[in-house]
Structure formats: structure tokens, C-alpha cells
Amino acid sequence: MAKPKKSLTAVERRAEELDTIAAVLPIERRDELAELLTDQDVETLRHLVNHGMGDNTLRALTSDLTYLEAWGLAATGRSLPWPAPEALLLKFVAHHLWDPQHRETDPDHGMPVDVDESLRQQGFLKSVGPHAPSTVRRRLANWSTLTRWRGFDGAFASPALKSAIRLAVRAVPRTRGRKSAKAVTGDVLARLLATCATDSLRDLRDRAILMVAFASGGRRRSEIAGLRREQLTVEPPIEVPDGPPLPSLAIHLGRTKTTTGEQDDIVYLTGRPVEALIAWLQAAKIDNGSVFRAIGRWGNVSRRALDPQSVNAIIKQRVEMAGLESGEFSAHGLRSGFLTEAAIRNIPLLEAMEQSRHRSVQQASSYYNNATRRSGRAARML
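Per our numbering, the sequence shown starts with residue 741, numbered consecutively.
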């Protein structure tokens, strides 16, 4: 009986330590993280927090670390060794990049059934089939980063591992899909906002989420979920001809995955999005802390922030209410939709990027290209 008690104490201790960095982690899964992560994992994460790693980068790294630990336990029965031997890295590639056609004739090809079922039961696997090469590369890169932070050299640059990934990607070609099948452009957004027509708390909150996320450049769902009242500052009204001045707010994003050091990213809201946000804050009586919060069954506003997945669920619910197909839209559709709508309205790319805070012209311009190619002059040469 003593051994289970010690194990439980260790889990509780890790849960308490995770509480100290709750602001930058998916803390709604704190107990699960405490079960999967080791003491050394938690200490590494605390170290990265203290060294000022961007919140979004740290969330992504924590998510990948948790998946790696879950996979390691399912595949080997033990927590990940540090540093990981080359054989374990090759096993990870073999489990995640495989040929579905070959699997039909060889059931041992790819991820073993018991490992697949274990990860699926824990919610780590949802789709069927091999992983996207970009996902495998990202997780290996984060695995390598964590290895270096622990003071070890890994086998991540070994010729055998690079060759295995290259051959696996060639054997199983994939077309890259978007995070949201369709962009939430202006016309789609109008239909979603039409479902938030009352003065109920839910309608006020969801209307503010939709308008703020879109108008602020298509903010990521993690940024919307983590938005705090202290990040908002009132700006002087914007004068417009033949009309009353428009209210203006600044959102201080702080450090993001594309900023460095003490740089503070700022985006601005003007007009209707500001009015929608103020209406929600006043109705919910939020003077400080998290901006967007859960609403209880009896209409009570929680003190805790929405988690990023709840933001996605809210958007999908509004999509269904608008009579659209929920599987075609997600929270990322607001981000791609902002740039797509900017292209449709002939807003210069660099001006749109100032609001979306994209650093890569190549990435941002892909939305412009998709929005204008069908109707562009190059498609009408004959």
C-alpha cells in the first residue's frame, strides 16, 4: 500500500508545481499532465517559463512533450529516457509515418494496435491514418529542444533518422490541408453574428469573441482564451467624416511566438468590435482578470477563463446555428478569414499583416493568392 501512496504524492506535488505556471499551460488538463510528465519534465518547463519563452511556444512544447510521454509509455512501458537513443527515435518515425496500403497486407506495419488504442483512449489520437510529416518533424524538433535544455546531446541529426523521415514522406505523399477547411470571411462572419442577436450573456460573449478575434487580425484561439482585462487600454476615438467618432482600444499581446525579448505586440480595435467587447464586459461585470469566461447553467459568469478548445467549440456551435456545416469551419478559420477578406477588399498585404502580426510574407500571401487567383487577370488571358 505504501508504493501507491508515494506515487499519488508525487502526482499531487507535480500538480501543485504546474499550478505555479498555470497561466501559460493548458491547465484544464493539469491532473493529466501531472500523471504523464515526470519531475524532470516539470522542472524543465518551469525553467523555460523563467527564461521568458513565449506563451504560445511553451503551450505547443508542453502539448508535444505530453504526447511524447504518453506515446513512450504506451510503446515501451516506461517514461522517455533522456537523451533518447537513436533506436527510439526511429521507432517514433515508424509508428507515425507509414503506408496505409501496406498496412492492409501487413498488420504489423506502422503503429501497433495496442499503442494506437492506448493513445486513442487517452484522447491523444483522433484521426485515423499516419501523421502529417510536419507534425512528426515538429514533435521531433521539440523533443530535440527539450533534450538540449536538459544538457544532453541527442541523435536527432543522425543520418539514419533523416533518411528514415525522407523515405517515409516519399512513400506516403500527403496533400497539406488547412486547419480550417473554409475561411470565415466577412459574409460568413455576418451569418455567425446574426445568431448572437439577443442581449443574453451567451450572445453578448460569443458576439464579442467573434468580432474581437476577427477584427484584431484573426487572433489564435489560445490568445482569445488567454486575453485579460489588463491587456486592454482605451485609445483616443477615431475621427471619421460625416459621422460620430469611433471608439478605439489597444490589445497588448505581450510576447508571442514571433516576438523576442521585451517586445510587446499591439493590435488595435475600432468601432463595432470595441462596442461588442465593452457590452460584454459591462454585462458580465468584468473589471479585471480573464475577459472571456465560461457561463454556468444558471447564467453565472465563472471567474476562470475559457480554455482554447472551448473557443473552438463556441465557433462551431455558432456555425451550426447559422445553418452551415460545422466540420468545414474552426477557430483558425477566423485567422485565415481575416487575410482572405483583406485580399477581397484590396487591402495591401503589408497593412493586413500589421494587424494579423504575421511575420512571413510567404505564409500571409498564400491567403491573398487563393482569394484572387480565380478572378485575377492571369486566369482570364483568353
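Cβ coordinates follow ideal geometry from the N, Cα and C atoms, glycine included.
What you are looking at is a predicted structure, and each value in this text was computed from that prediction instead of being measured.
CB contact flag (residue i, residue j, <8 Å)
| i | j | result |
| --- | --- | --- |
| S1050 | V1059 | no |
| W1020 | L944 | yes |
| L865 | D854 | no |
| S973 | H992 | A small fix is needed here, since residue 973 is Thr in this sequence, not Ser. Yes, these two residues count as a Cβ contact at 8 Å. |
| A934 | D1047 | no |
| V1031 | R968 | yes |
| W883 | A824 | yes |
| L886 | T784 | yes |
| D804 | R878 | yes |
| P987 | E1015 | yes |
| S819 | T875 | no |
| P840 | P870 | yes |
Same chain, Cβ closer than 6 Å to residue i, neighbours up to 5 away in sequence not counted
| i | result |
| --- | --- |
| R931 | A1062 |
| M851 | H835 |
| L901 | L829 |
| V909 | P873 |
| A948 | A1016, L1017 and W1020 |
| A1024 | V1041 |
| C936 | D943, D946 and R947 |
| Y1008 | A990 |
Where residue i falls: helix, strand or coil (DSSP)
| i | result |
| --- | --- |
| P840 | helix |
| R906 | helix |
| D1005 | strand |
| I1087 | coil |
| E973 | Strictly speaking, residue 973 in this sequence is Thr, with Glu absent from that position. Residue state, collapsed to three classes: strand. |
| I1026 | coil |
| L986 | strand |
| V1014 | helix |
| R959 | coil |
| R890 | coil |
| R818 | coil |
| R1099 | coil |
| F1069 | coil |
| D781 | helix |
| A698 | No information on residue 698 is available, as it lies outside the stretch 741 to 1122 that the chain covers here. |
| F864 | coil |
| F1078 | helix |
7 Å Cβ shell around residue i - same chain, five flanking residues per side excluded
| i | result |
| --- | --- |
| F1078 | F954, G957, G958 and S1096 |
| A1071 | R961, V1051, N1052 and I1055 |
| E1081 | T925 and G926 |
| A762 | Caution is warranted here: a pLDDT of 49 is assigned to A762, below 50, making its placement in the model unreliable, and the coordinate value is therefore given only provisionally. None. |
| T938 | none |
Buried or exposed by the 16-neighbour rule on C-beta atoms within 10 Å, applied to residue i
| i | result |
| --- | --- |
| V868 | exposed |
| V928 | buried |
| P827 | Residue identity check: residue 827 is Ala in the sequence provided, not Pro. It counts as exposed. |
| F892 | exposed |
| I740 | Residue 740 falls outside the range modelled here, since the chain spans only 741 to 1122, and no answer is possible. |
| G1036 | exposed |
| L808 | buried |
| H842 | exposed |
| T806 | buried |
| W838 | buried |
| E1094 | exposed |
| A814 | buried |
| A897 | exposed |
| R1043 | exposed |
| T845 | exposed |
| S906 | Looking at the sequence provided, one finds Arg at residue 906 rather than Ser. The residue is exposed, with fewer than 16 neighbouring Cβ atoms inside 10 Å. |
| T802 | buried |
| E970 | exposed |
| L1090 | exposed |
Same chain, Cβ closer than 8 Å to residue i, five either side skipped, listed in chain order
| i | result |
| --- | --- |
| W811 | F832, H835, V855, L859 and F864 |
| I1006 | A990, I991, H992 and L993 |
| P821 | L828 |
| F1069 | S920, A921, K922, V924, V928, I1055, K1056 and V1059 |
Bridge partner(s) assigned by DSSP for residue i
| i | result |
| --- | --- |
| H992 | I1006 |
| A1019 | BP columns for A1019 are empty, so no partner. |
| A1045 | R1033 |
| R968 | S1030 |
| I978 | L986 |
Check: residue i C-beta below 7 Å from any heavy atom of the ligand MN
| i | result |
| --- | --- |
| G1011 | This structure simply doesn't include the ligand MN, nor any ligand for that matter. |
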